[in-house]
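Residue numbers (the numbering used here): 2 to 207.
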């Protein structure tokens with residue numbers, strides 16, 4: 002089975018954004034709005050073939066998007082040409098995660114936790130005992146490009162001990178390194194960031 006035949010979690014846009022009354026562009030971190038949208042996803046999610054979902058703007062695919070911090074540094078990575086998503090080649094990112102798979106008899110929050118942990122450990126080597134905290138801090142939406150239009154990001158920050166080490170597993174697809182917020186805001190890095198990562202850097206700067 003190809004990756005586009007995978008069954009993933011989706012939710013109808015009209016329900017996620019309550020007929021567009023909850024729509025936003027960028028990052029929303031209001032606890033009330035985040036809780037409302039997450040509750041609506043929980044009530045209305047279903048499964049869809051990934052290839053269909055990527056082409057259907059009537060549905061949003063919830064994506065865990067985890068930023069890893071170590072003191073003043075953020076773990077970033079470049080998508081190399083060996084990666085599968087050609088639209089993202091040579092882009093920089095500070096978010097780890099991916100499409101969610103449904104888990105029977107689970108709430109959305111339980112599925113989110115299980116899928117987040119799976120994605121992190123599929124993509125990265127790191128010592129879980131060095132984890133200090135992980136907290137969901139907002140949602141990401143970008144209706145201004147074709148990738149973002151069919152996704153909604155669930156933004157979390159994973160804080161690690163200052164001496165924690167992280168490395169990517171798929172070295173043919175990703176190249177990872179620690180960067181400070183100052184480095185990420187410089188044009189040579191910022192202009193290469195994926196849109197979602199630019200949104201996150203912007204809110205970290207505030």
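Heads up, the beta-carbon is just placed ideally off N, CA and C, and yes, glycines get one too.
| Query | Result |
| --- | --- |
| Through-space distance from residue 18 to residue 158, alpha-carbon basis | 24 Å |
| Buried or exposed (CB count within 10 angstroms, at least 16 for buried), residue 72 | exposed |
| Nonlocal neighbours in the same chain, by C-beta distance under 8 Å from residue 48, ignoring five residues either side | 8, 9, 10, 11, 103 |
| Residue 79, DSSP secondary structure in three states | strand |
| Close Cβ partners of residue 199 (< 7 Å) along its chain, the five nearest in sequence each way excluded | 191 |
| Beta-carbon spacing of residue 140, residue 67 below 8 Å | no |
| Residues near residue 45 in its chain [Cβ-Cβ closer than 8 Å; skip 5 each side] | 12, 13, 16, 17 |
| Enclosing beta strand (DSSP E) for residue 130 [first to last residue] | No beta strand (DSSP E) holds residue 130; DSSP gives it neither H nor E. |
| Local conformation of residue 23 per DSSP, three classes | coil |
| Under the three-state DSSP convention, the category residue 34 falls into | helix |
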